[in-house]
Amino acid sequence: MPMDLEVVATSQDRPLPTPNSFSKPFWEGTKRHELVLQKCLDCGTFRYYPRPRCPQCLSANTEWTKVSGHGTVYSYTIVHRPLARWFKDKVPLVCAVIELDEGVRMVSNVENVDPYAVTIGLPVRVIYDDVNDEITLPKFEPVPA
Ligand SMILES: [Zn+2]
Numbered sequence: 264m265p266m267d268l269e270v271v272a273t274s275q276d277r278p279l280p281t282p283n284s285f286s287k288p289f290w291e292g293t294k295r296h297e298l299v300l301q302k303c304l305d306c307g308t309f310r311y312y313p314r315p316r317c318p319q320c321l322s323a324n325t326e327w328t329k330v331s332g333h334g335t336v337y338s339y340t341i342v343h344r345p346l347a348r349w350f351k352d353k354v355p356l357v358c359a360v361i362e363l364d365e366g367v368r369m370v371s372n373v374e375n376v377d378p379y380a381v382t383i384g385l386p387v388r389v390i391y392d393d394v395n396d397e398i399t400l401p402k403f404e405p406v407p408a
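Given below as structure tokens:
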């Protein structure tokens with residue numbers, strides 16, 4: 264049987280995160296369309312990615328806190344070559360480091376904008392991509408002027 268090189272990409276080809284015991288509350292939050300971050304109960308520092316101890320004071324005391332979902336583009340690149348088949352018709356896309364108002368940085372996509380109009384410092388807000396019953400991805404779009 265000849266190999267079909269023009270196979271249409273399916274949702275199974277899409278790389279998705281696997282929630283673990285530390286990140287599960289984060290993914291439960293995005294499912295509710297809420298951005299929640301761990302906040303240290305001893306020094307008040309927000310942290311992302313989810314992890315057991317505060318990177319500032321090493322405390323394990325933490326609470327999940329709903330945040331604004333607003334931030335700015337700290338850095339970005341425009342991806343032209345799809346690195347997985349699912350992205351074949353999604354490029355060009357913006358892969359960005361978003362600095363949230365709470366001070367943490369998160370890698371995500373900036374959408375609903377011409378990729379070439381994205382700039383460092385662009386004000387953005389979170390949007391939610393409901394991928395399936397388990398995963399909702401937080402993404403970002405420019406804040407309307
Ligand atoms: Zn701390």
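Here the sequence shown stands for residues 264 to 408, numbered as in our numbering. C-beta: ideal position from N, C-alpha, C; glycine also.
Query                                                                                                                                             : Result
Based on the DSSP secondary-structure assignment, which residues constitute the bridge partners of Ser-338?                                       : Val-360
Assuming Gly-334 and Glu-362 make a contact with CB atoms under 8 Å, what is their CB distance in whole Å?                                        : 5 Å
How is Glu-365 classed by DSSP in three states: helix, strand or coil?                                                                            : coil
Where does Phe-309 fall in DSSP's three states?                                                                                                   : strand
Can you tell me whether Leu-268 is buried or exposed? The criterion is at least 16 other CB atoms within 10 Å of its CB, across all chains shown. : Note that Leu-268 has pLDDT 46, beneath the 50 cutoff, so the model's placement of it is unreliable and the number below is only indicative. Exposed, since its Cβ has fewer than 16 Cβ neighbours within 10 Å.
Helix, strand or coil: which one does DSSP assign to Met-266?                                                                                     : With a pLDDT of only 47 at Met-266, under 50, the local geometry of the prediction cannot be trusted, and no value is derived from it.
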